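Peer 1: Protein chains in written order, with my numbering: chain A, 13 to 383; chain B, 2 to 152; chain C, 25 to 382. Encoded as structure tokens, here's the structure I'll be asking about.
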Amino acid sequence: MIEEVGTTEQGDLVINVGPQHPSTHGVLHLVITLNGETIKKVEPHLGYIHRSIEKMCESLSYRQFIYVTSRMDYLSSHINNHGCALCVEKGMQIEVPARAKVIRVLMDELTRLASHQLWWGAMAMDVGALTPFFHAFRERETINDIMEETCGARLTMNYMVPGGVMADIHPNFQKRVKEFLQFFRTKIDEYDELVTGNIIFCSRMKGIGYLSPESAVSYGCTGPTARGSGISCDIRKLYPYEVYGELQFDEVTVAEGDCFARYMVRMQEMRQSLSIIEQLIDNIPEGEFQAKTKAVLKLPKGEFYSRVETARGEFGVYIISEGATTPYRIKFRSPGFSNLSALDHMARGHKIGDLVAIMGTLDLVIPDIDR
Amino acid sequence: MNKEELKIRLGELFPAAAFEEGGEWTTVTIDAAEWEGFAREIRWAEGLAFDYLFCVTAVDWRTHFTMVYHLTSTLHRHTLVVKVKLDHEQPVIRTVSDIWRTAEFHEREAFDLMGVVFTGHPDLRRLFMTDDWKGWPLRKDYEDPVNMIKL
Amino acid sequence: MLSIENITHSIDVWLNRTFSPTVAVLLESLIVGLCVIGLFALLGLVLVLMERKVSAYMQIRLGPNRVGPGGSLQTVADTLKLAMKEGLTPDGADKFLFNLAPFLVIVVAMMILAPVAFAKGTQIWDINIGVLYITAISSLSVIGILMAGWASNNKYSLLGAMRSGAQIVSYELSAGISVISIVVLTGSLRISDIIASQQDGWWLFKGHVPAVISFIIFIIAVTAETNRAPFDLAEAESELTAGFHTEYSGMKFALFFLAEYVNIFIVCAIAATLYLGGWMPLHIGHWAGFNGVMDYIPSSLWFIGKTFFLIFMIMWFRWTFPRLRIDQLLNLEWKYLLPLSMVNLLLTALIAIERWHF
Numbered sequence: 013m014i015e016e017v018g019t020t021e022q023g024d025l026v027i028n029v030g031p032q033h034p035s036t037h038g039v040l041h042l043v044i045t046l047n048g049e050t051i052k053k054v055e056p057h058l059g060y061i062h063r064s065i066e067k068m069c070e071s072l073s074y075r076q077f078i079y080v081t082s083r084m085d086y087l088s089s090h091i092n093n094h095g096c097a098l099c100v101e102k103g104m105q106i107e108v109p110a111r112a113k114v115i116r117v118l119m120d121e122l123t124r125l126a127s128h129q130l131w132w133g134a135m136a137m138d139v140g141a142l143t144p145f146f147h148a149f150r151e152r153e154t155i156n157d158i159m160e161e162t163c164g165a166r167l168t169m170n171y172m173v174p175g176g177v178m179a180d181i182h183p184n185f186q187k188r189v190k191e192f193l194q195f196f197r198t199k200i201d202e203y204d205e206l207v208t209g210n211i212i213f214c215s216r217m218k219g220i221g222y223l224s225p226e227s228a229v230s231y232g233c234t235g236p237t238a239r240g241s242g243i244s245c246d247i248r249k250l251y252p253y254e255v256y257g258e259l260q261f262d263e264v265t266v267a268e269g270d271c272f273a274r275y276m277v278r279m280q281e282m283r284q285s286l287s288i289i290e291q292l293i294d295n296i297p298e299g300e301f302q303a304k305t306k307a308v309l310k311l312p313k314g315e316f317y318s319r320v321e322t323a324r325g326e327f328g329v330y331i332i333s334e335g336a337t338t339p340y341r342i343k344f345r346s347p348g349f350s351n352l353s354a355l356d357h358m359a360r361g362h363k364i365g366d367l368v369a370i371m372g373t374l375d376l377v378i379p380d381i382d383r
Numbered sequence: 002m003n004k005e006e007l008k009i010r011l012g013e014l015f016p017a018a019a020f021e022e023g024g025e026w027t028t029v030t031i032d033a034a035e036w037e038g039f040a041r042e043i044r045w046a047e048g049l050a051f052d053y054l055f056c057v058t059a060v061d062w063r064t065h066f067t068m069v070y071h072l073t074s075t076l077h078r079h080t081l082v083v084k085v086k087l088d089h090e091q092p093v094i095r096t097v098s099d100i101w102r103t104a105e106f107h108e109r110e111a112f113d114l115m116g117v118v119f120t121g122h123p124d125l126r127r128l129f130m131t132d133d134w135k136g137w138p139l140r141k142d143y144e145d146p147v148n149m150i151k152l
Numbered sequence: 025m026l027s028i029e030n031i032t033h034s035i036d037v038w039l040n041r042t043f044s045p046t047v048a049v050l051l052e053s054l055i056v057g058l059c060v061i062g063l064f065a066l067l068g069l070v071l072v073l074m075e076r077k078v079s080a081y082m083q084i085r086l087g088p089n090r091v092g093p094g095g096s097l098q099t100v101a102d103t104l105k106l107a108m109k110e111g112l113t114p115d116g117a118d119k120f121l122f123n124l125a126p127f128l129v130i131v132v133a134m135m136i137l138a139p140v141a142f143a144k145g146t147q148i149w150d151i152n153i154g155v156l157y158i159t160a161i162s163s164l165s166v167i168g169i170l171m172a173g174w175a176s177n178n179k180y181s182l183l184g185a186m187r188s189g190a191q192i193v194s195y196e197l198s199a200g201i202s203v204i205s206i207v208v209l210t211g212s213l214r215i216s217d218i219i220a221s222q223q224d225g226w227w228l229f230k231g232h233v234p235a236v237i238s239f240i241i242f243i244i245a246v247t248a249e250t251n252r253a254p255f256d257l258a259e260a261e262s263e264l265t266a267g268f269h270t271e272y273s274g275m276k277f278a279l280f281f282l283a284e285y286v287n288i289f290i291v292c293a294i295a296a297t298l299y300l301g302g303w304m305p306l307h308i309g310h311w312a313g314f315n316g317v318m319d320y321i322p323s324s325l326w327f328i329g330k331t332f333f334l335i336f337m338i339m340w341f342r343w344t345f346p347r348l349r350i351d352q353l354l355n356l357e358w359k360y361l362l363p364l365s366m367v368n369l370l371l372t373a374l375i376a377i378e379r380w381h382f
């Protein structure tokens, strides 16, 4: 993978962006071909954080493998765990108690909020505004504190287990979430004031990195990336799981398809998540938080696929079982991997500064791509 | 189209296709030689329009490989699972990266980790592993005493 | 009253009494040189600390608070660390130019200090073309940056240097034209004359709207010239990692860093001199009483106060705004600022000829 790169035969400049670069947010390595400042080609070189999680999972039991998936998209670890738990439940035909369903959705939405907050800060940092990052972290810390109280962890939660959640919510949970809702309602308006309306920010975002609806589908883009091109692809709406079908919320789509559209989708999604949490926080049903399951899970022979909506898009878990205690083959369909494949298409013809902005709006998490 | 309608429609188009019972979605198994024509047909045919390829999986069954393609239509909202059986010694299949652009990366991944060769792929190279890596890590017979931790 | 003017004057008298005039001048040059270097070091330390504190408060952090009272010695510790570090020179670099570049940048920054009036009667060199001298010398710093970018043999550095070249050459124009509008109002290029002409009020207030416009253009242009955000394209850490000084380390990096902060000080000092009266206290026309009260505040405090206020503003920009893109940056200059400043210059000339200013 390490190669001598200088200039191409046409005299274009070839630059390695990464694996250590401030705007790749991890160990992404892009080889970009430049004509002056204009990008002619972007070629992602992956694998710097490849751990072959799929191979690892083949030797882990159905209870164990869920924990590894927290390490993929570490910013939406709850939702990754959720997808895996759903897949195992589908195979075992476990009925999840109502209380666990609501807790799971609450946790998912809190995770989505935390992930979008971090994205917002990092995105602003990519286009050169450093202050929003710290403001975003202030709010994110509150969510992390809430998570820590209930799940015992701040990043790799491992809270969802087949049949429900690992432990009941902390007695303070509802009170603190309500406090947070009130606090964040004012802060999200501040976000808009500080960044969204800024004339420099708008000129950096509007008309940049256009992704047509056809290409978005063809490249397999999901989540806010595709919804920024006007594609309706929210798994929570299309194939509702848990209690999403009973909730009042809108799927945010913006038709423009440029960086600003993707930005606006995420900003509005934060408000939608807030409203989902508000609907549920006072209506957590009483009862069990975990269904009674056997100590050793054995999935029947067959194939099981489950999909959930993470903060970055559609996360799919495909389990092929041979009836043993471990999966025969497991495949994770990670949203970032497909979203990244559209980067070259979007960045061609733009400037280096735009590449950074486009990468920011794709919201890439590298372990999610490399697995 | 629901599961049954889809089955009838595909059965008309491809009499050779074998359907699998059970499972959440319509599952069809076809020959590797037929795959390209089949893919083009289901991508563009009216009423099918499978434009969104969301998962590409290569499975090593020790005796043979299976490529599993999960497809959805964003227009009709129906889902189809296509399975293609490949030879274990020489797993070769036609690429579909010109039909679904996302397949380019997914096929590179399958080549990198399973060693499935995609003919006609524009840029078939290792994706995650280093260029000089020996072997195909996700195969069942793969052994790497240095990097693999036995759990 | 103890003022800098008295101190310098008594030193001058004492030297001339003790030594022959030639030796006295030589000794004075030596003292001035040492003072400039001392001032440089002090400015670097103070401004870096100020930047870190200002950014910290804007970002709801505390900033450095461990070394010294309230973290005040943090930058001293940082400088020591940088001095101890190895100054690497990359293998493929042009060694001579690579090592020369930081010194060139710092020497240019030092030279611009010469005509700056720090307080009443405290000026190193009251040259009769003071403003022209400043504009001329400050455009030399781009050579140092281009040199650093080219000699590093690094593509990021090269891109950063090319951006910086395009940017500084463009923004010199608006900065220059804004300076000329004050020269037109004053009728002199000499710094002391410009300050004296603001005896009855600062040009920002006396010169009607054109003076305000030219002040705003000047601030924008010098922010760009000093490579500060939102115009920090030459460094642009999220795009070019560190731009032209990517390959520099240790003390050579520190020199670039120091030059950046000293340049900010200098451009703010010039802005304060041209538009806010330099060391001149706030005077309003012929209100003798008010002016008398204002005169009680030492002139050096006025100068430092105004300069640091402008520095704070430039820091405020940096920690609020996103970065522009290179084509947007050049569009802003060539399509908006340059025509605007030219029209503005005409208006200023009209005001000067018709004596409409106060």
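Just so it is clear, CB atoms sit at the ideal spot from N, CA and C, and this is done for glycine as well. Bear in mind that the values here come from a model prediction, so they are computed numbers and not experimental data.
Taking the C-alpha atoms as reference points, what is the distance between R63 of chain B and T45 of chain A?
Peer 2: Indexing the second sequence from 1 puts residue 63 of chain B at position 62. Indexing the first sequence from 1 puts residue 45 of chain A at position 33. The straight-line gap from Cα to Cα measures roughly 42 Å.
Peer 1: Per DSSP, which one or two residues make a beta bridge with A143 of chain C?
Peer 2: Within the third sequence, residue 143 of chain C is the residue found at index 119, counting from 1. A143 of chain C is bridged to C:T146.
Peer 1: Distance, Cα to Cα, V69 of chain B vs A59 of chain B?
Peer 2: For the purposes of this step, residue 69 of chain B is taken as the residue at position 68 of the second sequence. For the purposes of this step, residue 59 of chain B is taken as the residue at position 58 of the second sequence. Near 6 Å, if we compare the C-alpha coordinates of A59 of chain B and V69 of chain B.
Peer 1: Pull up the distance between the alpha-carbon of E25 of chain B and that of R341 of chain A, whole angstroms please.
Peer 2: Along the second sequence, one-based indexing puts residue 25 of chain B at 24. Along the first sequence, one-based indexing puts residue 341 of chain A at 329. Going by the C-alpha atoms only, they are around 18 Å apart.
Peer 1: Going along chain B in order, which residues have a C-beta closer than 9 Å to the C-beta of G38 of chain A?
Peer 2: The sequence position of residue 38 of chain A within the first sequence is 26, counting from 1. Those within 9 Å of G38 of chain A in chain B number zero; the least Cβ separation is about 14 Å.
Peer 1: When the distance is taken between beta carbons, is P31 of chain A closer than 7 Å to V39 of chain A?
Peer 2: Counting from one through the first sequence, the residue named residue 39 of chain A turns up at place 27. Counting from one through the first sequence, the residue named residue 31 of chain A turns up at place 19. Taking 7 Å as the cut-off, the Cβ atoms of V39 of chain A and P31 of chain A count as close.
Peer 1: Quick check: L128 of chain C and G168 of chain C, are their CB atoms within less than 7 Å of each other?
Peer 2: Here the question's residue 128 of chain C lines up with position 104 in the third sequence. Here the question's residue 168 of chain C lines up with position 144 in the third sequence. Contact flag set, yes.
Peer 1: Quick check on K363 of chain A: buried or exposed, where buried means 16 or more other Cβ atoms within 10 Å of its Cβ?
Peer 2: One-based indexing of the first sequence puts residue 363 of chain A at position 351. Answer is buried; the Cβ neighbour count reaches 16.
Peer 1: Going by C-alpha distance, which of B:P123, B:V97, B:K135 is nearest M115 of chain B?
Peer 2: As a first step, residue 115 of chain B must be located in the second sequence, where it is residue number 114. When each option's Cα is compared against that of M115 of chain B, the closest is B:K135.
Peer 1: Since V324 of chain A and N351 of chain A should fall inside the 8 Å C-beta cutoff, what is the C-beta to C-beta distance between them, to a whole number of angstroms?
Peer 2: By 1-based counting over the first sequence, the position of residue 324 of chain A is 312. By 1-based counting over the first sequence, the position of residue 351 of chain A is 339. Note on identity: in this sequence residue 324 of chain A is Arg, with Val being the wrong assignment. Between N351 of chain A and R324 of chain A the Cβ distance is about 7 Å, and since that is below 8 Å, they are a contact.
Peer 1: Under the DSSP definition of a beta bridge, which residues are partnered with K276 of chain C?
Peer 2: Translated into positions along the third sequence, residue 276 of chain C becomes position 252. K276 of chain C pairs with nothing; no bridge assigned.
Peer 1: By a C-beta neighbour count over all protein chains shown, 10 Å radius and 16 as the cutoff for buried, is M25 of chain C buried or exposed?
Peer 2: Sequence index remark: in the third sequence, residue 25 of chain C carries index 1 (1-based). For M25 of chain C, the pLDDT reaches just 47, beneath the cut-off of 50, and the residue's location in the model is therefore unreliable, leaving the point undetermined.
Peer 1: Could you run through the region 71-105 of chain C and flag, in chain order, every residue whose CB is less than 7 Å away from some CB of chain A?
Peer 2: Here the close residues are M82, Q83, I84, R85.
Peer 1: I believe M304 of chain C touches Q223 of chain C by the beta-carbon criterion, under 8 Å. Please report the beta-carbon distance rounded to the nearest angstrom.
Peer 2: Position 280 of the third sequence holds residue 304 of chain C. Position 199 of the third sequence holds residue 223 of chain C. 7 Å between Cβ atoms; contact.
Peer 1: Cβ of A293 of chain C within 7 Å of Cβ of I215 of chain C?
Peer 2: Taking the third sequence and counting its residues from 1, one reaches residue 293 of chain C at position 269. Taking the third sequence and counting its residues from 1, one reaches residue 215 of chain C at position 191. Their beta carbons are not under 7 Å apart, which means A293 of chain C does not touch I215 of chain C by this criterion.
Peer 1: Could you work out which residue in B:A46, B:R95, B:I9 is closest to E35 of chain B when comparing CA atoms only?
Peer 2: As a first step, residue 35 of chain B is located in the second sequence; it is residue number 34 there, counting from the start. Ranking B:A46, B:R95, B:I9 by Cα distance to E35 of chain B puts B:R95 first.
Peer 1: Residues in its own chain within less than 6 Å of D36 of chain C by CB, not counting five upstream and five downstream?
Peer 2: By 1-based counting over the third sequence, the position of residue 36 of chain C is 12. Nothing meets the Cβ criterion.
Peer 1: In its own chain, which residues sit with a C-beta less than 6 Å from the C-beta of A117 of chain C, not counting the 5 before and 5 after it?
Peer 2: By 1-based counting over the third sequence, the position of residue 117 of chain C is 93. These residues qualify, in order along the chain: A175, S176, N177.
Peer 1: What is the DSSP secondary structure of N170 of chain A, reduced to helix, strand or coil?
Peer 2: For the purposes of this step, residue 170 of chain A is identified with residue 158 of the first sequence, where counting begins at 1. N170 of chain A: coil per DSSP, three-state reduction.
Peer 1: Over what stretch of residues does the alpha helix (DSSP H) that includes R85 of chain C continue unbroken?
Peer 2: Numbered from 1 along the third sequence, position 61 holds the residue referred to as residue 85 of chain C. Per DSSP, R85 of chain C belongs to no alpha helix (DSSP H) and is neither H nor E.
Peer 1: What is the residue span of the beta strand (DSSP E) that P363 of chain C lies within?
Peer 2: Start at 1 with the first residue of the third sequence, and residue 363 of chain C comes out as number 339. It is not in any beta strand (DSSP E) - P363 of chain C instead sits in the alpha helix (DSSP H) that spans 362-378.
Peer 1: Could you give the residue range of the alpha helix (DSSP H) that holds H90 of chain A?
Peer 2: Mapped onto the first sequence, residue 90 of chain A falls at position 78. Element bounds for H90 of chain A: 89-104.
Peer 1: Given a threshold of 16 other Cβ atoms within 10 Å of its Cβ, counted over all protein chains shown, does T154 of chain A qualify as buried or as exposed?
Peer 2: Within the first sequence, residue 154 of chain A is the residue found at index 142, counting from 1. It is buried - the Cβ of T154 of chain A has at least 16 other Cβ atoms within 10 Å.
Peer 1: Between which residues of its own chain and T330 of chain A is the CB-CB distance below 6 Å, once the five residues before and five after are set aside?
Peer 2: To locate residue 330 of chain A, count along the first sequence from 1; it is residue 318. The sequence shown places Tyr at residue 330 of chain A, not Thr. Cβ neighbours of Y330 of chain A beyond the five flanking positions: Y317, K343.
Peer 1: Look up R214 of chain C in the DSSP assignment and say whether it is helix, strand or coil.
Peer 2: As a first step, residue 214 of chain C must be located in the third sequence, where it is residue number 190. DSSP places R214 of chain C in coil when its eight states are reduced to three.
Peer 1: Is the CB-CB distance between A354 of chain A and I51 of chain A below 7 Å?
Peer 2: In the first sequence, residue 354 of chain A corresponds to position 342, counting from 1. In the first sequence, residue 51 of chain A corresponds to position 39, counting from 1. No.
Peer 1: Give me, in chain order, the residues of the same chain whose beta-carbon lies closer than 6 Å to that of V83 of chain B; leave out the 5 immediate sequence neighbours on both sides.
Peer 2: Taking the second sequence and counting its residues from 1, the one referred to as residue 83 of chain B is at position 82. So the qualifying residues of the chain are V29, Y70.
Peer 1: Using alpha carbons as the reference points, say which of A:D270, A:E161, A:M282, A:N170 lies closest to D201 of chain A.
Peer 2: Counting from 1 along the first sequence, the entry for residue 201 of chain A is found at position 189. Answer by Cα proximity: A:M282.
Peer 1: For E261 of chain C, does the three-state DSSP call read helix, strand or coil?
Peer 2: Position 237 of the third sequence, counted from the first residue, corresponds to residue 261 of chain C. Helix, per DSSP.
Peer 1: So which residues on chain C does L25 of chain A lean against when the C-beta distance must stay under 7 Å?
Peer 2: Translated into the one-based positions of the first sequence, residue 25 of chain A becomes position 13. Ordered by position in chain C, the residues that pass the 7 Å Cβ test against L25 of chain A are K179.
Peer 1: With 7 Å as the threshold, decide whether the Cβ of G209 of chain A is near any Cβ in chain C.
Peer 2: As a first step, residue 209 of chain A is located in the first sequence; it is residue number 197 there, counting from the start. Output row for G209 of chain A: interface = no.
Peer 1: Indicate whether the contact test is met: 3 or more Cβ pairs, each with one atom in the region 319-328 of chain C and one in the region 155-164 of chain C, closer than 8 Å.
Peer 2: Judged by Cβ distances under 8 Å, the region 319-328 of chain C makes no contact with the region 155-164 of chain C, as fewer than three pairs qualify.
Peer 1: With DSSP run on the structure shown, which of helix, strand or coil describes Y60 of chain A?
Peer 2: Indexing the first sequence from 1 puts residue 60 of chain A at position 48. Reduced to three states, the DSSP call for Y60 of chain A is coil.
Peer 1: In three-state DSSP terms, what is Y203 of chain A?
Peer 2: On the first sequence, residue 203 of chain A is found 191 positions in, with the first residue counted as 1. Note: Y203 of chain A maps to helix in three-state DSSP.
Peer 1: With A245 of chain C and S188 of chain C assumed to form a contact (beta carbons below 8 Å), what rounded beta-carbon distance in angstroms separates them?
Peer 2: Stepping through the third sequence from its first residue, residue 245 of chain C is reached at position 221. Stepping through the third sequence from its first residue, residue 188 of chain C is reached at position 164. Taking the Cβ atoms as the reference, A245 of chain C lies roughly 14 Å from S188 of chain C, outside the contact range of under 8 Å.
Peer 1: Mind pulling the chain A residues with CB within less than 7 Å of E25 of chain B?
Peer 2: By 1-based counting over the second sequence, the position of residue 25 of chain B is 24. Those are Y317, listed as they occur along chain A.
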